[in-house]
Amino acid sequence: GAGVSQSPRYKVAKRGQDVALRCDPISGHVSLFWYQQALGQGPEFLTYFQNEAQLDKSGLPSDRFFAERPEGSVSTLKIQRTQQEDSAVYLCASSSPGLDYEQYFGPGTRLTVT
Amino acid sequence: AQKITQTQPGMFVQEKEAVTLDCTYDTSDPSYGLFWYKQPSSGEMIFLIYQGSYDQQNATEGRYSLNFQKARKSANLVISASQLGDSAMYFCAMREGPGTSYGKLTFGQGTILTVHP
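Okay, here's the thing in structure tokens:
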């Protein structure tokens, strides 16, 4: 596709359930980022991949959050035992190294934990 | 300390007028990049404009220009000839480190811009 896609667009989970959020970056983009955006706030960095290598996971808020990109393209963000504070929009972005000003964002997945 | 500060929670502008959205930043890294993104109600982050710390001239992209004042650590976005479709949330963001490093962004809190007809 032409842009970054994310699925599902909306997810409602009961507290304690596990969820998996998918990101399809722009074809050929080596760098992939996950951000979390709480309501009315700016996005906050979660984790970064260069190809399949997770080079920075300093923003993951707890060990319930796990991300992978096994083949260097599609990435999945998994949240185990969801809590209400996990409710947010999860944004994925991709770019080419050295051209990071062309960081393209997907539409996001809005997660609501009830 | 906040790395990116946007002090205007909301701004109003008349259609066809110009508006300035404020952004100040804090970094000790000599190499950095500054970004502005637009986020309409649909939620997607749309890249508007980029300024590198070593760029001598202010960046411009169509109706968008970035008023970069390095000594004051400010990077204000100027939108000229506002249109109704400009109504959205606007975020200022910073990447610390050179452009060859990976582009982890730090965002401000955002400014909601409303354009009146």
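From first to last, the protein sequence lines are chains A and B. With this note's numbering, the residue at position 15 of the first sequence is 2, and numbering never jumps. So the mapping is simple: this note's numbering equals the position in the second sequence, first residue as 1, plus 905. Beta carbons: idealized from backbone N, C-alpha and C, even for Gly.
Quick one: residues in its chain with C-beta nearer than 6 Å to the C-beta of residue i, no 5 flanking neighbours on either side, listed in chain order?
i: residue 919/B; result: 1021
i: residue 1017/B; result: 915, 994
i: residue 926/B; result: 982, 995, 1016
Shortest alpha-carbon distance to residue i belongs to which of the options?
i: residue 1009/B; options: 4/A, 30/A, 8/A; result: 30/A
i: residue 71/A; options: 98/A, 17/A, 47/A; result: 98/A
i: residue 95/A; options: 20/A, 56/A, 4/A, 52/A; result: 20/A
i: residue 55/A; options: 41/A, 49/A, 66/A, 74/A; result: 41/A
i: residue 936/B; options: 943/B, 959/B, 948/B; result: 959/B
i: residue 66/A; options: 82/A, 48/A, 58/A; result: 48/A
i: residue 956/B; options: 980/B, 967/B, 976/B; result: 980/B
i: residue 961/B; options: 952/B, 947/B, 973/B, 951/B; result: 973/B
i: residue 908/B; options: 941/B, 922/B, 933/B, 921/B; result: 933/B
i: residue 51/A; options: 4/A, 17/A, 59/A; result: 4/A
i: residue -3/A; options: 91/A, 75/A, 43/A, 89/A; result: 75/A
i: residue 997/B; options: 952/B, 965/B, 1019/B, 963/B; result: 952/B
i: residue 73/A; options: 63/A, 100/A, 89/A, -10/A; result: 100/A
i: residue 43/A; options: 60/A, 18/A, 58/A, 61/A; result: 18/A
i: residue 32/A; options: 57/A, 64/A, -11/A, 1/A; result: 64/A
i: residue 57/A; options: 69/A, 39/A, -1/A; result: 39/A
i: residue 967/B; options: 975/B, 976/B, 982/B; result: 982/B
Have a look at the DSSP bridge pairing and note the partners of residue i.
i: residue 40/A; result: 37/A
i: residue 98/A; result: -2/A, 75/A
i: residue 1021/B; result: 919/B
i: residue 994/B; result: 944/B, 1017/B
i: residue 957/B; result: 938/B
Report all residues from its chain with a CB closer than 7 Å to the CB of residue i; omit the five preceding and five following residues, and keep chain order.
i: residue 929/B; result: 910, 978, 979
i: residue 1011/B; result: 908, 909, 998, 999
i: residue 984/B; result: 923, 924, 968, 969, 991
**Q.** Inter-stretch contact at 8 Å, needing at least 3 Cβ pairs: the stretch 23 to 42 of chain A / the stretch -6 to 9 of chain A
**A.** no
Q. Name the residues in the stretch 960 to 983 of chain B whose C-beta lies less than 8 Å from a C-beta of chain A; which are they?
A. none
Q.
Could you check whether the stretch 984 to 994 of chain B touches the stretch 73 to 83 of chain A, counting it as contact only if at least three pairs of C-beta atoms, one from each stretch, sit closer than 8 Å?
A. no
Q: Taking a Cβ distance cut-off of 7 Å, strictly less, list which residues of the stretch -1 to 19 of chain A are near chain B, in chain order.
A: 18
Q: With 9 Å as the limit, tell me which residues of the stretch 22 to 34 of chain A have their beta carbon closer than that to any beta carbon of chain B; keep them in chain order.
A: 22, 24, 27, 28, 29, 30, 31, 32
Q) If contact means a Cβ-Cβ distance below 8 Å, which residues of the stretch 42 to 65 of chain A contact chain B? A) Identification of residues in the stretch 42 to 65 of chain A having a C-beta nearer than 8 Å to some C-beta of chain B yields 42, 43, given in sequence order.
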